[in-house]
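First comes the structure, then the notes that go with it.
Numbering (my numbering), first residue to last: 3 to 614.
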């Protein structure tokens, strides 16, 4: 019995009304007339797991699809609203699965894809090969969903193999088979290194061709420069080596001149810096002297005014009576000593002013001379810079460029010879004389990666199932390596028995593949759902005990000992079959008065509802 199985499928309305299908380990058969909603069960599971097709129409009133998986350590329920853009809500009792909201986008932080493949024991980020060059993409649930949930629309198809998606093509076949390898035998491609494909080799050759000819064009132009330099050297009676030596001597002389000028300029810059600081100090001193003289003038004017007032008071006494209170005011006139004290202060300030004035003129003279000297030094600095930038530097660069070009030209000459040889080799390649493709290069061939006994094991399983299902000529059946499908006596299933048998044979192939996984794979899903395995099947008038229908369902019960098998089938195709006591049978009556009408409670006449 596989560790993963489906315990419940549920559809819910907005008002809380729920339609529930309870399943069990082992064989589960959901039978009923057409249009009772059996296919909706498969669609509910697929939609809850991130499928695109809505399982309910708006008319039914059901808006939420849910499926509950039983794992080895608990239960995981996925619920999804049918509203556009809805995410998947997960409720888990399994400690390895986190409850929460999961996204349909595989690039999101919490994609439902990682949860689903994790239930199979496959790590997120597991990779599969996409082509013979070993290019890789991530393994996804969508890549293997078709062999876990086999819908009615797929079970009866004649091709491609039911083990491959309907959309499988020559371009996607490698990727599809790689996904089966991961699931069926835990093949690990994560460390596989990409190889170069034939188309990549052709593109590389075209790119190399363009590069070679571009380089040859560039080298040719530079070779002409070398020839011109050689001609110039010859005109001067020297070899190219002597010409280069002369240029290097000129360059050395220019560099010596430049170093001398830079040394001179360095001294000038130091002098200019010192003079600038000294001039700034002198200008501050001149400004201070001028401010001091101005202050002295103000003090002298104030003191002179006071002396004149005192002298006036002596000759013109003030009134000795207050004009308001008529009391007597004692205002003695200034004495000679008072006036003499002010005159002494005036004389002192005049002396200080004269000293400041005598000091100011020499300061101004020194500052003017220093400013003139500073201007001359700055002009000399500018002249040195002009000599460097306008004469020495351009001449140095010109000679250095000549030297570099000549040296490069000499290197190019050798390089040109190498590229010319490369061109000859490449031309041989174009002519087919030097084929670069490696016939022994390893190519990825997924069919060769299946276990050595895989094809034999699949053939034996197919024969055993057909024999138990009482299929005539069961031993003529085989599992073909090339088409990856069943063949009967060497013929395709549809050619040998008609299209009506395709659903029957596809069911046999799915069962055989699951039997192989149950024996070999750590990722064996533990469940499979097949919708209408007897679709379009007409076996004639065989008796029930020997009929292929009975034999097939007997095999269902046998394999269900190793995994859960869910069968959705019409009542008319299961009529007369006897189910074992271990089989969980869910029967729809399509009657409003007897039994359960169908999958969705209170939804009747499904055919008309779907047409609407």
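In this text, a Cβ means the ideal position worked out from N, Cα and C, and glycines have one as well.
I need the DSSP call for residue i, collapsed to helix, strand or coil.
i           : result
residue 448 : helix
residue 601 : coil
residue 335 : coil
residue 669 : Lying before the first or after the last residue shown, residue 669 is absent from the chain, which here runs from 3 to 614.
residue 531 : strand
residue 140 : strand
residue 596 : coil
residue 165 : coil
residue 99  : coil
residue 385 : helix
residue 408 : helix
residue 290 : helix
residue 402 : helix
residue 284 : helix
residue 151 : strand
residue 584 : coil
residue 17  : coil
Could you please give the first and the last residue of the uninterrupted alpha helix (DSSP H) stretch that includes residue i?
i           : result
residue 553 : 550-561
residue 133 : Taken as a continuous stretch (DSSP letters only), residue 133 belongs to no alpha helix (DSSP H), as it is neither H nor E.
residue 104 : Note, residue 104: premise wrong, no alpha helix (DSSP H); beta strand (DSSP E) at 102-104.
residue 464 : 456-470
residue 184 : 175-187
residue 521 : 504-522
residue 114 : 114-121
residue 45  : 40-50
residue 157 : 154-157
Taking buried to mean at least 16 other C-beta atoms within 10 Å of its own C-beta, is residue i buried or exposed?
i           : result
residue 99  : buried
residue 133 : buried
residue 80  : buried
residue 436 : A caution first: residue 436 carries a pLDDT of 45, below 50, which makes its placement in the model too unreliable to give a value.
residue 182 : buried
residue 51  : buried
residue 38  : buried
residue 213 : exposed
residue 513 : buried
residue 31  : buried
residue 517 : buried
residue 75  : exposed
residue 113 : buried
residue 468 : buried
residue 135 : buried
residue 303 : exposed
residue 179 : buried
Is residue j closer than 8 Å to residue i when the C-beta atoms are compared?
i           : j           : result
residue 82  : residue 93  : no
residue 264 : residue 376 : no
residue 524 : residue 188 : yes
residue 570 : residue 44  : yes
residue 10  : residue 29  : no
residue 160 : residue 504 : yes
residue 138 : residue 191 : yes
residue 143 : residue 566 : no
residue 534 : residue 154 : yes
residue 284 : residue 368 : yes
residue 146 : residue 185 : yes
residue 277 : residue 388 : no
residue 464 : residue 486 : no
residue 539 : residue 578 : no
residue 103 : residue 89  : yes
residue 470 : residue 557 : yes
Name the DSSP beta bridge partners of residue i, please?
i           : result
residue 12  : 22 and 68
residue 479 : 490
residue 33  : 571 and 589
residue 56  : None; residue 56 has no bridge partner.
residue 304 : Per DSSP, none; premise fails for residue 304.
residue 566 : 529
residue 377 : Its beta-bridge partners do not exist; DSSP assigns none.
residue 323 : 330
residue 2   : In this structure the chain extends from 3 to 614, so residue 2 is not present and cannot be described.
residue 129 : 140
So the beta strand (DSSP E) residue i belongs to, where does it begin and stop?
i          : result
residue 93 : 90-94
residue 83 : 76-83
With respect to 7 Å, is the separation between the Cβ of residue i and the closest non-hydrogen atom of the ligand NAP below this value?
i           : result
residue 397 : Among the ligands in the structure shown, none appear at all, so the ligand NAP cannot be discussed.
So is residue i in contact with chain D if we call contact Cβ pairs under 8 Å?
i           : result
residue 263 : Note that chain D does not occur in the displayed structure, where there is just one protein chain.
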